[in-house]
Structure formats: structure tokens, C-alpha cells
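Position 9, counted from 1, in the sequence shown is what our numbering calls 9; the numbers after and before it change by one each time, with no gaps.
Quick reminder that beta carbons are idealized off the backbone N, C-alpha and C, glycines included.
None of these values were measured; they are calculated from a predicted model.
Below is one structure, written out as C-alpha cells, with a few remarks after it.
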Amino acid sequence: MEKNTEVLEKFEKFMAEGRPLVSTIRMTKNDAELDTDVLMLDFDGVVAYVPREEFDIRPVKNSLVKYVGKKIRVVVKEIREDGLVICSRKMLLEEQRAKLLERMATGETVIARIKTFTKFGAYVQVDGISFLLQNKHFSEDYTTISEVMQKGDEVEIKLLRVNQNGNLFAEAAQKYKSDTVVSLDMFERDQVVVGTIRNIKPFGVFVCIAPNLDALCPTPEDVEIDMGMKVQFRITKVANEEGKVRGKILRVLPEEQEEEIL
1 MEKNTEVLEK FEKFMAEGRP LVSTIRMTKN DAELDTDVLM LDFDGVVAYV PREEFDIRPV
61 KNSLVKYVGK KIRVVVKEIR EDGLVICSRK MLLEEQRAKL LERMATGETV IARIKTFTKF
121 GAYVQVDGIS FLLQNKHFSE DYTTISEVMQ KGDEVEIKLL RVNQNGNLFA EAAQKYKSDT
181 VVSLDMFERD QVVVGTIRNI KPFGVFVCIA PNLDALCPTP EDVEIDMGMK VQFRITKVAN
241 EEGKVRGKIL RVLPEEQEEE IL
């Protein structure tokens, strides 16, 4: 009992100092008293909980099971009368986020790691803080992030804006530029090419078939489409003098399209 008292006093000091602590997540469970799912940590025989609401800045709705066995950095938020230590990763991230934004607001660039791709670009992280890097803020042409980078790759970014909901948007410190040799002169009627849907309007669909070259086509009636989809595109008209291409979508290509042809 005396040992636990000493340990708890130590944690009270950690809480007052805001000192970050690192531990391995031992298990996850639903705590009836707290009425929420928790991650359980063990500090020198003292049990600590990270409630779901204290795990991240953004609400986490998915299962916490995937985090079991991983290390987590937290700060002590509360020490209850029964000796249970309540920790928070959210508080630590909020502090890191404020410091990071203060640095980047001056124009400082940072190195971010790509975590996941979206149809608009990718989510990248810096010290656990997420930014949305849209394709249009990544490249000078229409190259998408997923076309030239992979999950885990690093990209240098700078702060673009913070919206009303607190979401962070970034742009590449140096925008990517494709070295492709494809030009309008290479296209002619009835060719079938690979394209990426860039925009969907009431009057038609814009499909990128080369850097800085969008072709316009009717909205297909028998195919469901969305922005960012790869498609097979048949050219029906090339107007060299206007720099315009017209065509039609033949089919949507599967996301994993780089399998070997045997």
C-alpha cells in the first residue's frame, strides 16, 4: 500500500508537470463505471486507463482492438480516489498541434509521412498530427499523389489553411511536375487511353488523359462514377486549334490495375 502511495504521488507530479509517459497497451475493454471503451496501461503496477474520448483529437468510432500491443504516449489527466490513473493522448496531441501550427504559421516547412490515400489526395501526418494534402496542392499538373508515392513515403509540406472545423490543409513545399512526353499531338480519334476523373458537372465529366489536359465527355448512364476513379476513355474528337479533346468513358478500371499481363 505504501509503495502504491509513493507511485501515485509520482504520478501526481507527472500530472502537474504535464510530463509525457510511454507505455504498451495491454488490453482494451468496456468500463461500466466510466461508460466507455478504454485502453489499459500498466505503470509500475499502477493501472491506467485511456478512455476512447481521450485517445485522439478526432472522435474514434472504430474498434480499439488494433491498438493492443502498441506503444502509446500519453499525459496524466486525472488520478481518481480509488487510485485509478486516467491518461490522455488527446491532450498531448492538442499541445503538439498548437506548437506545430505556431511554427508553420510563419511559413516553416515540415516533413510529413503519407498515412492513407483518398480520392482527393492523401492524409499525411507530422508527429501524429494529420493534414489533408489534396492532389491539386501536390502537383503543378494533374498528377495524383497515389500515382507517384506510396503509404509511408515522406513529403515536405507547408500549412495551407485551417478550416472552421479545425481541419488542417497542407500544400507541397515544392510541387510535383510530371516529366511525361505525352502531348495533344499524340491523340487522335478512336484511340483508347487511361484517364482519371477530375470533375463531374451537370453538363458532363472532365477526364484527365495527360498532364494539364482534360477531355470532356457525357456522363455515362450505365456506369457509376466518382472523382479520382481511373477509367478507360475513348477519344471521339481532337480539336488541335482549340486544345480540346472529347470522348466517352468505356469502363471504370479496378483500383489495383497494375497486375502483370501473362
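*Ignoring anything shorter than 4 residues or poking outside the segment 83–120, list the alpha helix (DSSP H) runs there in chain order.*
90–104
*Rounded C-alpha distance that separates Ile249 from Lys175*: Rounded to the nearest angstrom, the two C-alpha atoms are 29 Å apart.
_Residues sharing a beta bridge with Asp42, DSSP_ = In the DSSP output, where bridge partners are listed per residue, Asp42 has Val47.
*Alpha carbon of Arg52 to alpha carbon of Ala105, nearest angstrom*: 30 Å
*Residues near Leu84 in its chain [Cβ-Cβ closer than 8 Å; skip 5 each side]*: Val47, Ala48, Tyr49
*Evaluate Glu2 with the Cβ neighbour count: other Cβ atoms within 10 Å of its Cβ, from every protein chain shown; 16 or more gives buried, anything less gives exposed.*
In this prediction, Glu2 has a pLDDT of 48, which is less than 50 and means its spatial position is unreliable; nothing more can be read from the coordinates.
*Beta-carbon separation of Gln96 and Ala112 under 8 Å?*
no
_Please tell me whether Phe131 and Gly228 are closer than 8 Å, where the distance is taken between their beta carbons._
no
*Pull up the distance between the alpha-carbon of Phe187 and that of Thr236, whole angstroms please.*
Computed Cα separation, rounded: 10 Å.
*Can you tell me whether Val205 is buried or exposed, with buried defined as 16 or more other CB within 10 angstroms of its CB?*
Classification of Val205: buried, given that the 10 Å Cβ count is 16 or more.
*Go through its chain and collect everything with a Cβ distance to Ser178's Cβ below 6 Å, but skip five positions before and after it.*
Asp141, Thr143, Pro211
_Alpha carbons only, please: which of Gln164, Asp222, Ala172, Glu17 is nearest the one belonging to Ile145?_
Ala172
_Taking 7 Å as the cut-off, is the C-beta of Lys230 nearer than that to any heavy atom in the ligand ZN?_
Because no ligand of any kind appears in the structure shown, any question about the ligand ZN cannot be addressed here.
*Excluding sequence positions up to five away, which residues of its chain have a Cβ less than 6 Å from the Cβ of Arg161?*
Phe169
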